[in-house]
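Trainee: What follows is a single structure, and I will ask about it in a moment.
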Amino acid sequence: MERASHDHNFKNLLLDFPKESLNWILPDATEKWGTIWHVEFIRQEPKKDHLKDAHVALDMPILFYFENKRLSYGL
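Written out as structure tokens, the structure is:
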């Protein structure tokens, strides 16, 4: 039996609910750095050698802008 990976599910959760996900992962972030002003997803698109090649699994860097700080998080 193949081992299931939930990596894609977590990435979709972060894409759909970034502020709520950050509050779940780092519950004291807004207390330390203030209100979240902006969330930016930094996409990575690697070049494939051949079109038939399978997709490449990548981290999903996220940049959170707070009142008092900027925080980069990679998943």
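Under the UniProt record's numbering, the first residue of the sequence shown is numbered 1, with each subsequent residue one higher.
Even for Gly, the Cβ is constructed at its ideal location relative to N, Cα and C.
Note that the coordinates shown come from a computational prediction; the quantities given were computed from them, not determined experimentally.
Under a Cβ-count criterion, where at least 16 other Cβ atoms within 10 Å of its own Cβ denotes burial, should leucine 15 be classed as buried or exposed?
Mentor: As a first step, residue 15 is located in the sequence shown; it is residue number 15 there, counting from the start. It counts as exposed.
Trainee: Starting from the C-beta of phenylalanine 66, find all residues in its chain whose C-beta is less than 8 Å away, skip the five residues before and the five after it, and write them out in chain order.
Mentor: The residue labelled residue 66 in the question sits at position 66 within the sequence shown. Cβ within range, chain order: Ala29, Thr30, Trp33, Gly34, Thr35, Ile36, Trp37.
Trainee: Hey, leucine 63 and glutamate 40: beta-carbon distance below 8 Å or not?
Mentor: For the purposes of this step, residue 63 is taken as the residue at position 63 of the sequence shown. For the purposes of this step, residue 40 is taken as the residue at position 40 of the sequence shown. Yes, they are a contact pair.
Trainee: My guess is that proline 61 and isoleucine 42 are in contact by the Cβ rule of under 8 Å, so how many angstroms apart are they, rounded?
Mentor: Walking along the sequence shown from the start, residue 61 turns up at place 61. Walking along the sequence shown from the start, residue 42 turns up at place 42. About 4 Å separates the two Cβ atoms, so the contact holds.
Trainee: Could you tell me the boundaries of the beta strand (DSSP E) in which histidine 6 lies?
Mentor: The residue labelled residue 6 in the question sits at position 6 within the sequence shown. Where histidine 6 is concerned, there is no enclosing beta strand (DSSP E), given that its DSSP letter is neither H nor E.
Trainee: Leaving out five residues before and five after histidine 8 in sequence, what residues of the same chain have Cβ atoms less than 8 Å from its Cβ?
Mentor: Numbered from 1 along the sequence shown, position 8 holds the residue referred to as residue 8. Closer than 8 Å at the Cβ level, and outside the excluded window around histidine 8, lies no residue.
Trainee: Is the Cβ of isoleucine 25 closer than 8 Å to any Cβ of chain E?
Mentor: Absence of chain E from the displayed structure is noted, only one protein chain being present.
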